[in-house]
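Numbering (my numbering), first residue to last: 221 to 511.
All C-beta atoms, glycine included, are put in the ideal place defined by N, C-alpha and C.
Take a look at the structure set out below.
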(Lines of atoms letter the chains of each structure in order from A and count residues from 1; the text may use other names and numbers.)
(Lines give C-alpha, C1' and ligand atoms only; values in the text may rest on other atoms or scores of the structure.)
Protein backbone atom coordinates (compact mmCIF):
# COMPACT_ATOMS: atom_id res chain seq x y z
CA UNK A 1 0.00 0.00 0.00
CA UNK A 2 2.79 2.39 0.89
CA UNK A 3 4.66 1.58 -2.32
CA UNK A 4 1.51 2.20 -4.38
CA UNK A 5 0.98 5.52 -2.60
CA UNK A 6 4.58 6.63 -3.19
CA UNK A 7 4.46 5.61 -6.85
CA UNK A 8 1.17 7.45 -7.37
CA UNK A 9 2.57 10.59 -5.71
CA UNK A 10 5.64 10.45 -7.96
CA UNK A 11 3.53 10.31 -11.13
CA UNK A 12 1.18 13.06 -9.90
CA UNK A 13 4.13 15.24 -8.90
CA UNK A 14 5.84 14.86 -12.26
CA UNK A 15 2.66 15.81 -14.09
CA UNK A 16 1.67 18.62 -11.71
CA UNK A 17 4.97 20.43 -12.25
CA UNK A 18 5.36 19.34 -15.86
CA UNK A 19 7.17 22.48 -17.06
CA UNK A 20 9.68 22.32 -14.20
CA UNK A 21 10.06 18.58 -14.80
CA UNK A 22 10.81 19.13 -18.48
CA UNK A 23 13.33 21.84 -17.64
CA UNK A 24 14.98 19.54 -15.10
CA UNK A 25 15.14 16.67 -17.61
CA UNK A 26 16.67 18.92 -20.29
CA UNK A 27 19.28 20.27 -17.89
CA UNK A 28 20.12 16.77 -16.65
CA UNK A 29 20.30 15.57 -20.25
CA UNK A 30 22.99 18.02 -21.28
CA UNK A 31 24.95 17.84 -18.03
CA UNK A 32 25.05 14.03 -18.23
CA UNK A 33 25.79 14.21 -21.95
CA UNK A 34 28.82 16.33 -21.09
CA UNK A 35 29.85 13.72 -18.52
CA UNK A 36 29.44 10.91 -21.07
CA UNK A 37 31.42 12.81 -23.72
CA UNK A 38 34.20 13.53 -21.22
CA UNK A 39 34.52 9.92 -20.04
CA UNK A 40 34.26 8.54 -23.57
CA UNK A 41 36.84 11.10 -24.71
CA UNK A 42 39.30 10.00 -22.03
CA UNK A 43 38.81 6.36 -23.00
CA UNK A 44 39.21 7.13 -26.71
CA UNK A 45 42.34 9.23 -26.25
CA UNK A 46 43.91 6.44 -24.18
CA UNK A 47 43.07 3.99 -26.94
CA UNK A 48 44.50 6.30 -29.62
CA UNK A 49 47.69 6.78 -27.61
CA UNK A 50 48.16 3.01 -27.31
CA UNK A 51 47.56 2.65 -31.04
CA UNK A 52 49.66 5.51 -32.37
CA UNK A 53 52.55 5.35 -29.94
CA UNK A 54 52.85 1.66 -30.74
CA UNK A 55 53.28 2.63 -34.41
CA UNK A 56 55.73 5.50 -33.92
CA UNK A 57 58.48 5.75 -36.49
CA UNK A 58 61.47 8.04 -36.79
CA UNK A 59 61.84 9.19 -40.40
CA UNK A 60 65.43 9.66 -41.58
CA UNK A 61 65.34 11.56 -44.87
CA UNK A 62 68.37 11.26 -47.15
CA UNK A 63 70.04 13.89 -49.31
CA UNK A 64 69.06 14.01 -52.99
CA UNK A 65 72.69 13.33 -53.97
CA UNK A 66 73.22 10.52 -51.45
CA UNK A 67 75.69 7.92 -52.68
CA UNK A 68 75.38 4.17 -52.49
CA UNK A 69 78.26 4.07 -50.02
CA UNK A 70 76.53 6.60 -47.75
CA UNK A 71 73.26 4.71 -47.98
CA UNK A 72 74.95 1.42 -47.12
CA UNK A 73 76.87 3.03 -44.26
CA UNK A 74 73.67 4.41 -42.72
CA UNK A 75 71.97 1.05 -43.16
CA UNK A 76 74.83 -0.70 -41.35
CA UNK A 77 74.79 1.91 -38.57
CA UNK A 78 71.08 1.36 -38.00
CA UNK A 79 71.53 -2.42 -37.93
CA UNK A 80 74.18 -2.03 -35.22
CA UNK A 81 72.27 0.56 -33.18
CA UNK A 82 70.92 -0.97 -29.92
CA UNK A 83 68.07 1.55 -29.79
CA UNK A 84 66.52 0.32 -33.05
CA UNK A 85 63.71 -2.25 -32.96
CA UNK A 86 63.28 -2.45 -36.73
CA UNK A 87 63.88 -0.37 -39.83
CA UNK A 88 62.58 -0.10 -43.36
CA UNK A 89 64.15 1.57 -46.38
CA UNK A 90 61.82 3.63 -48.57
CA UNK A 91 62.99 4.59 -52.06
CA UNK A 92 61.73 7.57 -54.04
CA UNK A 93 59.38 5.23 -55.91
CA UNK A 94 58.06 3.74 -52.65
CA UNK A 95 57.54 7.24 -51.23
CA UNK A 96 55.67 8.26 -54.38
CA UNK A 97 53.44 5.17 -54.20
CA UNK A 98 52.57 5.94 -50.55
CA UNK A 99 51.99 9.59 -51.49
CA UNK A 100 49.53 8.52 -54.19
CA UNK A 101 47.63 6.38 -51.68
CA UNK A 102 47.42 9.17 -49.11
CA UNK A 103 46.21 11.79 -51.59
CA UNK A 104 44.20 9.57 -53.93
CA UNK A 105 41.22 11.96 -53.68
CA UNK A 106 43.27 14.95 -54.91
CA UNK A 107 44.26 14.13 -58.54
CA UNK A 108 45.48 17.65 -59.38
CA UNK A 109 47.87 17.59 -56.43
CA UNK A 110 49.07 14.11 -57.41
CA UNK A 111 49.93 15.23 -60.92
CA UNK A 112 52.04 18.09 -59.58
CA UNK A 113 54.39 15.82 -57.60
CA UNK A 114 56.81 13.41 -59.26
CA UNK A 115 58.74 10.56 -57.68
CA UNK A 116 62.09 12.34 -58.09
CA UNK A 117 60.85 15.24 -55.97
CA UNK A 118 60.39 13.02 -52.92
CA UNK A 119 63.34 12.04 -50.70
CA UNK A 120 64.56 8.56 -49.91
CA UNK A 121 64.23 7.63 -46.26
CA UNK A 122 64.65 5.03 -43.57
CA UNK A 123 61.61 4.45 -41.34
CA UNK A 124 62.87 3.37 -37.93
CA UNK A 125 60.90 2.00 -34.98
CA UNK A 126 62.65 2.46 -31.66
CA UNK A 127 62.58 -0.02 -28.80
CA UNK A 128 61.64 2.88 -26.54
CA UNK A 129 59.40 5.47 -28.29
CA UNK A 130 60.63 8.12 -25.83
CA UNK A 131 64.27 7.49 -26.71
CA UNK A 132 64.30 9.80 -29.72
CA UNK A 133 66.87 12.25 -28.34
CA UNK A 134 69.39 9.50 -27.61
CA UNK A 135 68.79 7.98 -31.03
CA UNK A 136 69.17 11.31 -32.84
CA UNK A 137 72.51 11.87 -31.11
CA UNK A 138 73.69 8.36 -31.97
CA UNK A 139 73.27 8.95 -35.72
CA UNK A 140 74.38 12.57 -35.74
CA UNK A 141 77.14 13.19 -38.25
CA UNK A 142 76.51 10.10 -40.40
CA UNK A 143 76.95 11.16 -44.06
CA UNK A 144 73.92 11.26 -46.36
CA UNK A 145 71.31 12.38 -43.80
CA UNK A 146 69.25 15.43 -44.72
CA UNK A 147 66.79 15.51 -41.80
CA UNK A 148 65.50 13.39 -38.92
CA UNK A 149 61.82 13.72 -37.98
CA UNK A 150 60.31 12.32 -34.79
CA UNK A 151 56.67 11.37 -35.30
CA UNK A 152 56.35 11.10 -31.51
CA UNK A 153 56.79 14.87 -31.15
CA UNK A 154 53.98 15.47 -33.62
CA UNK A 155 51.81 13.03 -31.68
CA UNK A 156 52.62 14.81 -28.42
CA UNK A 157 51.38 18.08 -29.92
CA UNK A 158 48.26 16.36 -31.23
CA UNK A 159 47.41 14.75 -27.90
CA UNK A 160 48.02 18.05 -26.12
CA UNK A 161 45.15 19.43 -28.21
CA UNK A 162 42.99 16.42 -27.37
CA UNK A 163 43.84 16.89 -23.69
CA UNK A 164 42.69 20.50 -23.85
CA UNK A 165 39.42 19.42 -25.45
CA UNK A 166 38.96 16.83 -22.70
CA UNK A 167 39.40 19.43 -19.98
CA UNK A 168 37.02 21.82 -21.77
CA UNK A 169 34.35 19.12 -22.02
CA UNK A 170 34.79 18.29 -18.34
CA UNK A 171 34.48 21.97 -17.33
CA UNK A 172 31.28 22.34 -19.37
CA UNK A 173 29.92 19.15 -17.78
CA UNK A 174 30.68 20.52 -14.28
CA UNK A 175 28.97 23.83 -15.02
CA UNK A 176 25.92 22.00 -16.35
CA UNK A 177 25.97 19.73 -13.29
CA UNK A 178 25.83 22.74 -10.97
CA UNK A 179 22.91 24.11 -12.99
CA UNK A 180 21.19 20.73 -12.74
CA UNK A 181 21.69 20.61 -8.96
CA UNK A 182 20.18 24.05 -8.51
CA UNK A 183 17.25 23.22 -10.76
CA UNK A 184 16.59 19.91 -9.00
CA UNK A 185 16.65 21.66 -5.62
CA UNK A 186 14.34 24.42 -6.86
CA UNK A 187 11.89 21.96 -8.43
CA UNK A 188 11.67 19.92 -5.25
CA UNK A 189 11.13 23.04 -3.14
CA UNK A 190 8.30 24.17 -5.44
CA UNK A 191 6.74 20.68 -5.34
CA UNK A 192 7.03 20.51 -1.56
CA UNK A 193 5.55 24.00 -1.16
CA UNK A 194 2.57 23.12 -3.37
CA UNK A 195 1.88 20.15 -1.06
CA UNK A 196 2.73 21.91 2.19
CA UNK A 197 -0.68 21.17 3.73
CA UNK A 198 -0.45 17.45 2.97
CA UNK A 199 3.09 17.44 4.37
CA UNK A 200 1.94 19.20 7.54
CA UNK A 201 -0.92 16.74 8.03
CA UNK A 202 1.37 13.73 7.51
CA UNK A 203 3.81 15.10 10.09
CA UNK A 204 0.96 15.62 12.56
CA UNK A 205 -0.22 12.01 12.21
CA UNK A 206 3.31 10.74 12.78
CA UNK A 207 4.53 9.95 9.26
CA UNK A 208 8.28 9.50 9.13
CA UNK A 209 10.46 11.97 7.24
CA UNK A 210 11.51 9.15 4.91
CA UNK A 211 7.88 8.44 3.98
CA UNK A 212 7.26 12.13 3.30
CA UNK A 213 10.48 12.63 1.39
CA UNK A 214 10.28 9.50 -0.78
CA UNK A 215 7.88 10.81 -3.48
CA UNK A 216 9.82 14.05 -3.95
CA UNK A 217 13.20 12.29 -4.08
CA UNK A 218 11.89 9.70 -6.54
CA UNK A 219 10.54 12.47 -8.78
CA UNK A 220 14.06 13.86 -9.06
CA UNK A 221 15.54 10.38 -9.58
CA UNK A 222 13.07 9.58 -12.38
CA UNK A 223 13.86 12.91 -14.08
CA UNK A 224 17.59 12.20 -13.72
CA UNK A 225 17.27 8.72 -15.26
CA UNK A 226 15.15 10.02 -18.15
CA UNK A 227 17.70 12.77 -18.76
CA UNK A 228 20.50 10.18 -18.71
CA UNK A 229 18.76 7.99 -21.28
CA UNK A 230 18.10 10.94 -23.60
CA UNK A 231 21.69 12.14 -23.15
CA UNK A 232 23.02 8.66 -23.99
CA UNK A 233 20.87 8.50 -27.14
CA UNK A 234 22.35 11.85 -28.21
CA UNK A 235 25.83 10.48 -27.50
CA UNK A 236 25.11 7.38 -29.57
CA UNK A 237 23.69 9.52 -32.39
CA UNK A 238 26.81 11.70 -32.33
CA UNK A 239 29.01 8.63 -32.70
CA UNK A 240 26.97 7.07 -35.50
CA UNK A 241 26.20 10.17 -37.55
CA UNK A 242 29.09 12.53 -36.75
CA UNK A 243 32.22 10.70 -35.57
CA UNK A 244 31.68 7.66 -37.80
CA UNK A 245 30.32 9.86 -40.60
CA UNK A 246 31.68 13.22 -41.78
CA UNK A 247 34.54 13.41 -39.25
CA UNK A 248 35.76 9.93 -40.16
CA UNK A 249 35.82 10.93 -43.82
CA UNK A 250 37.61 14.22 -43.14
CA UNK A 251 40.40 12.76 -41.01
CA UNK A 252 42.03 9.40 -40.39
CA UNK A 253 43.46 10.55 -37.05
CA UNK A 254 40.46 9.49 -34.95
CA UNK A 255 40.47 5.73 -34.43
CA UNK A 256 37.10 3.92 -34.47
CA UNK A 257 35.15 4.25 -31.22
CA UNK A 258 34.18 0.80 -29.91
CA UNK A 259 30.45 0.43 -29.35
CA UNK A 260 31.19 -1.25 -26.00
CA UNK A 261 32.74 2.01 -24.76
CA UNK A 262 29.61 3.93 -25.77
CA UNK A 263 27.36 1.29 -24.19
CA UNK A 264 29.36 1.57 -20.96
CA UNK A 265 28.32 5.23 -20.68
CA UNK A 266 24.62 4.31 -20.28
CA UNK A 267 24.82 2.78 -16.77
CA UNK A 268 27.41 5.40 -15.81
CA UNK A 269 25.15 8.29 -16.85
CA UNK A 270 22.03 6.70 -15.36
CA UNK A 271 23.82 6.01 -12.08
CA UNK A 272 25.23 9.53 -11.92
CA UNK A 273 21.85 11.09 -12.77
CA UNK A 274 19.98 9.02 -10.19
CA UNK A 275 22.60 9.50 -7.46
CA UNK A 276 22.96 13.26 -7.93
CA UNK A 277 19.19 13.75 -8.06
CA UNK A 278 18.58 11.59 -5.00
CA UNK A 279 21.25 13.28 -2.88
CA UNK A 280 20.16 16.76 -3.93
CA UNK A 281 16.51 15.97 -3.27
CA UNK A 282 17.23 14.41 0.12
CA UNK A 283 19.43 17.29 1.29
CA UNK A 284 16.92 19.90 0.09
CA UNK A 285 14.00 18.23 1.86
CA UNK A 286 15.93 17.75 5.11
CA UNK A 287 16.20 21.52 5.42
CA UNK A 288 12.62 22.03 4.27
CA UNK A 289 11.10 19.51 6.67
CA UNK A 290 12.86 21.07 9.64
CA UNK A 291 10.82 24.24 9.24
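- Message: If you measure between the beta carbons of residue 489 and residue 451, is that distance less than 8 Å?
- Response: Taking the chain shown and counting its residues from 1, the one referred to as residue 489 is at position 269. Taking the chain shown and counting its residues from 1, the one referred to as residue 451 is at position 231. Yes, they are a contact pair.
- Look at the alpha carbon of residue 503 and the alpha carbon of residue 353, and state the distance between them as a whole number of angstroms. For the purposes of this step, residue 503 is identified with residue 283 of the chain shown, where counting begins at 1. For the purposes of this step, residue 353 is identified with residue 133 of the chain shown, where counting begins at 1. Rounded to whole angstroms, residue 503 to residue 353 spans 56 Å at the Cα level.
- Query: According to the neighbour-count rule (16 or more other Cβ atoms, all chains shown, within 10 Å of its Cβ), is residue 497 buried or exposed?
  - Reply: Working through the chain shown from its first residue, we reach residue 497 at position 277. Answer is buried; the Cβ neighbour count reaches 16.
- Query: Quick one, are the C-beta atoms of residue 278 and residue 346 less than 8 Å apart?
  - Reply: Within the chain shown, residue 278 is the residue found at index 58, counting from 1. Within the chain shown, residue 346 is the residue found at index 126, counting from 1. Closer than 8 Å, so yes.
- Message: Let me confirm a value: residue 349 is counted as buried when at least 16 other C-beta atoms fall within 10 Å, else exposed. Which label applies?
- Response: Numbered from its first residue, the chain shown carries residue 349 at position 129. Burial call: buried.
- Can you give me the Cβ contacts of residue 401 inside the same chain, cut-off strictly under 6 Å, excluding the 5 residues immediately before and after it? As a first step, residue 401 must be located in the chain shown, where it is residue number 181. Within the same chain, residue 401 has close Cβ partners 500.
- Message: If contacts are defined as beta-carbon pairs under 8 Å, then residue 315 and residue 292 qualify, I think. What distance do you get, rounded to the angstrom?
- Response: Translated into positions along the chain shown, residue 315 becomes position 95. Translated into positions along the chain shown, residue 292 becomes position 72. Actually they do not touch by this definition, with Cβ atoms about 19 Å apart.
- Item | residue 246 versus residue 394: straight-line alpha-carbon distance, rounded | Translated into positions along the chain shown, residue 246 becomes position 26. Translated into positions along the chain shown, residue 394 becomes position 174. Residue 246 and residue 394: Cα-Cα distance of roughly 15 Å.
- Message: Tell me the DSSP secondary structure of residue 492 in three-state form.
- Response: If you number the chain shown from 1, residue 492 lands on position 272. The three-state secondary structure of residue 492, taken from DSSP, is helix.
- Task: Sort out for me which residues DSSP pairs residue 369 with in a bridge.
- Result: Taking the chain shown and counting its residues from 1, one reaches residue 369 at position 149. According to DSSP, which records beta bridges pairwise, residue 369 is partnered with 279.
- Query: If we count Cβ pairs, one from each stretch, closer than 8 Å, do we get three or more for the region 357-370 versus the region 282-289?
  - Reply: yes
- Query: Using the C-alpha atoms, what's the distance from residue 505 back to residue 239?
  - Reply: As a first step, residue 239 is located in the chain shown; it is residue number 19 there, counting from the start. As a first step, residue 505 is located in the chain shown; it is residue number 285 there, counting from the start. Roughly 21 Å separates the two Cα atoms.
- Message: Quick check on the DSSP output: the beta strand (DSSP E) that includes residue 516 runs from which residue to which?
- Response: Outside the shown range of the chain (221 to 511) lies residue 516, about which nothing can therefore be said.
- Query: Taking the alpha carbon of residue 351 as the point to measure from, which residue in 383, 385 and 301 has its own alpha carbon closest?
  - Reply: For the purposes of this step, residue 351 is taken as residue 131 along the chain shown, with counting starting at 1. Closest option to residue 351, Cα to Cα, is 301.
- Give the C-beta separation of residue 483 and residue 257 to the nearest angstrom, bearing in mind that I take them to be a contact with Cβ-Cβ under 8 Å. What you label residue 483 is simply residue 263 of the chain shown in a count that begins at 1. What you label residue 257 is simply residue 37 of the chain shown in a count that begins at 1. No, residue 483 and residue 257 are not in contact; Cβ-Cβ is about 15 Å, not under 8 Å.
- Under three-state DSSP, which class holds residue 296? As a position in the chain shown, residue 296 is number 76, starting the count at 1. Helix.
- For residue 346, which beta-bridge partners are listed by DSSP? Residue 346 sits at position 126 when you count from the first residue of the chain shown. Answer by DSSP bridge pairing, in chain order: 304.
- Out of 296, 437 and 320, point me to the one whose CA is closest to residue 309's CA. In the chain shown, the residue the question calls residue 309 occupies position 89. Minimum Cα distance to residue 309 is reached at 296.
- Query: Among the residues of its own chain, which have a CB less than 8 Å from the CB of residue 486, if the five just before and after it don't count?
  - Reply: The count along the chain shown starts at 1 and reaches residue 486 at position 266. These residues qualify, in order along the chain: 448, 449 and 452.
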